[in-house]
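Quick notes on the structure that follows.
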Amino acid sequence: MSAAMNGSLPICSSYEALCDQFSWSIPEMFNIADAICDRWAADEERVAITFEDPDKQIHQFTYRRLQRDANRLANLFASLGLARGDRVTVCLPQRPECAISHIACFKSGIVSCLASVLFGEEALKHRINGSRSRLCIVDADNYAKIEGIFDQCPSLEHIVVVGEVDADLPLGFYAATRELSDEWVNVATRAEEPAWINYTSGTTGLPKGVVMPHRAVLGNVSAFEYLFDYFPQPGDVLWSQADWAWVAGFADIFLVGTFHGCRIVSTSMKGFDPVEGFRILSDHKVTVSLLTPTMLKLMREASARVETDKVQLRVVLSGGEAVGAELASWADEHFNLTINEGFGQSECNGMIGSNPKLMSVRHGSLGKPTPGAVCAIIDEDGNEVADGERGNIAIQRPHPAMFLYYLDDPEATSAKFSGNWMLTGDIGSRDTEGYFWFHGRSDDVITSSGYRIGPTEIEDVLLSSPAVKIVAVVGVPDEQRTELIKAVVVLAEGEQPSDELTASLKALVRNKLARHEVPHIIEYADSLPMTATGKILRRELRG
17 MSAAMNGSLP
27 ICSSYEALCD
37 QFSWSIPEMF
47 NIADAICDRW
57 AADEERVAIT
67 FEDPDKQIHQ
77 FTYRRLQRDA
87 NRLANLFASL
97 GLARGDRVTV
107 CLPQRPECAI
117 SHIACFKSGI
127 VSCLASVLFG
137 EEALKHRING
147 SRSRLCIVDA
157 DNYAKIEGIF
167 DQCPSLEHIV
177 VVGEVDADLP
187 LGFYAATREL
197 SDEWVNVATR
207 AEEPAWINYT
217 SGTTGLPKGV
227 VMPHRAVLGN
237 VSAFEYLFDY
247 FPQPGDVLWS
257 QADWAWVAGF
267 ADIFLVGTFH
277 GCRIVSTSMK
287 GFDPVEGFRI
297 LSDHKVTVSL
307 LTPTMLKLMR
317 EASARVETDK
327 VQLRVVLSGG
337 EAVGAELASW
347 ADEHFNLTIN
357 EGFGQSECNG
367 MIGSNPKLMS
377 VRHGSLGKPT
387 PGAVCAIIDE
397 DGNEVADGER
407 GNIAIQRPHP
417 AMFLYYLDDP
427 EATSAKFSGN
437 WMLTGDIGSR
447 DTEGYFWFHG
457 RSDDVITSSG
467 YRIGPTEIED
477 VLLSSPAVKI
487 VAVVGVPDEQ
497 RTELIKAVVV
507 LAEGEQPSDE
517 LTASLKALVR
527 NKLARHEVPH
537 IIEYADSLPM
547 TATGKILRRE
557 LRG
């Protein structure tokens, strides 16, 4: 097996030793399907996906079955005239047919486009038309959305449906492929060739199509071997509620798990239910999971109502928002583990993170660059700043996990870089020991009375109050101060808004941070608007 296909990190006793010994091995020719499916298919008993359907029935899909079904689907693509470089939109929930669809695209040299079943018609139309997809694969529950926009999508020629629908237009996922050959010769793709398109989360505007190459899997796998504490370990089973239409679920769980021939649990959970989360972890003996801080907070609240002693997790990776000391302490008590924090984005995943086997974990910190990643804090001119100073978190190119370009948007692609630095758009700092710290999105930075204020520190202080369940801090326009600081607070169970509580929360920030960081406005809400990946949509709170 080639070094690229093996993907294993050197076993080292320290972070510094690992970085010294690590090097990339990226071949010129590489097809994701060979790495995540075909090389495991010779073992006909090896389970790839354990699917728990809405009725809690369990379905086991082996790697051999994934290969055969993907080969049949690739033959269907060919019979419909689809060819290398074409695009196919995959709008399916977390289930085996979603994996099969992407694998079939990789095998064919077709670019798969990720679309969440949570999307409405406008969001789906934006992705189908933007990618000029010729075919869409969708489940029966969401077929009506695609049917409703079919005439508004000029490139769209075919719809393939998983499940039964009362319509003549679509092809059945299994009915249309059942009689086709289960043999297929994978297209010999270059490592630099486009493989899939994911979209930015939309926290800062209209989502942009992020074109990812086949080589991105290799960059991603090395990062998550590190972030998942030397993954894989014997018996590892992965699960996350993260949708496979988003980079967290698709790249971090599906691609990383199958690259190593591990078993992945997929479920039909709609929205995150913490009680169900505990049950899934226990019933399926999950050892590796990706859970956002919001999910972990909900699980913490639910932990008194469920049995937690059967959970067999060895690693939890979290990201998207800061993990505070209180949440970390709860995870240590209930799961007997240290939460690993990871930092990345659609354009380059797994850039920075922590691994307690190799370093002292500092909760609140993003950690250190993953092996092979060169990261820095740079100023507006593209120069590195001194340790302790704030600037844009950036990663140096080339990096195998880095995107190729934004779809049909060369200006945005160019603006994403400053010289050889890819700008994340996140404000951070690096301390003298090399740990990176997140201070907020560059567009989340609040300018008030001449101060530039990151929301994260204020949120962390407010979260230290037992009255606060979740909070988001944003800036709102003000003629005198430029912006006022507004905190939108979701209270813990049993708490009620009051003038006394508002005053105590302001005093907490004043005492722990500074007078100029005290929120001018504190509002109370039942919930916060979030993306499907669990990130707070701050722009919706600024109104």
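Here the numbering used here is used: the first residue of the sequence shown is 17, the next is one more, and so on.
Glycine is no exception: its CB is placed at the ideal position from the N, C-alpha and C atoms.
In this text the structure is predicted, and so the values were computed from the model without any measurement.
Please determine, among Gly235, His118, Gly277 and Arg194, the residue with the shortest C-alpha to C-alpha distance to Leu254.
-> Sequence index remark: in the sequence shown, residue 254 carries index 238 (1-based). Checked all of Gly235, His118, Gly277 and Arg194; the closest Cα to Leu254 is Gly277.
Compare the beta carbon distance of Cys114 and Leu140 with 8 Å and say whether it is the shorter of the two.
-> For this step, residue 114 is matched to residue 98 along the sequence shown. For this step, residue 140 is matched to residue 124 along the sequence shown. No, they are not a contact pair.
Own chain residues within Cβ distance below 8 Å of Ser30, not counting five before or after = For this step, residue 30 is matched to residue 14 along the sequence shown. Hits under 8 Å: Leu374 and Met375.
Simplified DSSP state of Met17, which is helix, strand or coil = As a first step, residue 17 must be located in the sequence shown, where it is residue number 1. Only weak support is given to the placement of Met17: the predicted model assigns it a pLDDT of 39, under 50, and the question is left unresolved by the model.
Segment limits, alpha helix (DSSP H) that includes Leu233 = Counting from 1 along the sequence shown, the entry for residue 233 is found at position 217. Checking the displayed sequence, the identity of residue 233 turns out to be Val instead of Leu. Note, Val233: alpha helix (DSSP H), Ala232 to Leu243.
Would you be able to state if there are at least three C-beta pairs under 8 Å between the segment 405–422 and the segment 380–391?
-> yes
Could you check the C-alpha separation between Ala264 and Ser238 for me, to the nearest Å?
-> By one-based count along the sequence shown, residue 264 stands at place 248. By one-based count along the sequence shown, residue 238 stands at place 222. Spanning the two alpha carbons is a distance of roughly 15 Å.
Please classify Val487: does DSSP put it in a helix, a strand, or coil?
-> Here residue 487 refers to the residue found at position 471 when the sequence shown is read from its first residue. Strand.
Stretch pair the segment 460–467 + the segment 430–440: three plus CB contacts closer than 8 Å | no
Using three-state DSSP, classify Asp348 as helix, strand or coil.
-> By one-based count along the sequence shown, residue 348 stands at place 332. Residue state, collapsed to three classes: helix.
When Val177, Asn202 and Glu556 are compared against Ala120, the one with the closest alpha-carbon = Here residue 120 refers to the residue found at position 104 when the sequence shown is read from its first residue. Ala120 has its Cα closest to that of Asn202, out of Val177, Asn202 and Glu556.
Select from Thr303, Val176, Ser256 and Lys384 the residue whose C-alpha is nearest the C-alpha of Ala156.
-> What you label residue 156 is simply residue 140 of the sequence shown in a count that begins at 1. Ranking Thr303, Val176, Ser256 and Lys384 by Cα distance to Ala156 puts Val176 first.
So is Gln110 buried or exposed if we call it buried at 16+ other beta carbons inside 10 Å?
-> Along the sequence shown, read from residue 1 onward, the residue named residue 110 stands at position 94. Gln110 is buried by the Cβ-count criterion.
Tell whether a beta-carbon distance below 8 Å holds between Gln257 and Gly235.
-> Along the sequence shown, one-based indexing puts residue 257 at 241. Along the sequence shown, one-based indexing puts residue 235 at 219. Against a cut-off of 8 Å, the Cβ pair of Gly235 and Gln257 comes out as no contact.
What's the call for Gly404, buried or exposed, on a 16-neighbour Cβ count within 10 Å?
-> Counting from one through the sequence shown, the residue named residue 404 turns up at place 388. The residue is exposed, with fewer than 16 neighbouring Cβ atoms inside 10 Å.
Going straight from the alpha carbon of Met45 to that of Val227, what length do you get?
-> Walking along the sequence shown from the start, residue 45 turns up at place 29. Walking along the sequence shown from the start, residue 227 turns up at place 211. Val227 has its alpha-carbon roughly 18 Å from the corresponding atom of Met45.
Determine the extent of the beta strand (DSSP E) in which Gln412 is found, giving its start and end residues.
-> Numbered from its first residue, the sequence shown carries residue 412 at position 396. From DSSP, the beta strand (DSSP E) with Gln412 extends over Gly407 to Gln412.
Just mark Lys326 as buried or exposed, buried being the case when its beta carbon has 16 or more other beta carbons within 10 Å.
-> Reading the sequence shown from its first residue, position 310 is the one you call residue 326. Label assigned to Lys326: exposed.
Cα-Cα separation, Tyr421 to Ser147 = Locating residue 421 in the sequence shown gives position 405, counting from the first residue. Locating residue 147 in the sequence shown gives position 131, counting from the first residue. Roughly 13 Å separates the two Cα atoms.
According to the neighbour-count rule (16 or more other Cβ atoms, all chains shown, within 10 Å of its Cβ), is His118 buried or exposed?
-> Counting from 1 along the sequence shown, the entry for residue 118 is found at position 102. Under this definition His118 is a buried residue.
Limits of the unbroken beta strand (DSSP E) element including Asp85 | By one-based count along the sequence shown, residue 85 stands at place 69. Careful: Asp85 lies outside any beta strand (DSSP E), inside the alpha helix (DSSP H) at Tyr79 to Ser95.
Pair within 8 Å by beta-carbon distance, Ser481 and Leu521 = For the purposes of this step, residue 481 is taken as the residue at position 465 of the sequence shown. For the purposes of this step, residue 521 is taken as the residue at position 505 of the sequence shown. It is a contact, given that the beta carbons lie within the stated cut-off.
Among residues of its own chain, excluding the 5 on either side of Gly573, which ones have a beta-carbon nearer than 6 Å to its beta-carbon?
-> As shown, the chain starts at 17 and ends at 559. That puts residue 573 outside it, with no answer to give.
Phe424: buried (16+ other C-beta within 10 angstroms of its C-beta) or exposed?
-> The residue given as residue 424 occupies position 408 in the sequence shown. Contrary to the premise, residue 424 reads as Asp rather than Phe in this sequence. Exposed, by the Cβ-count rule.
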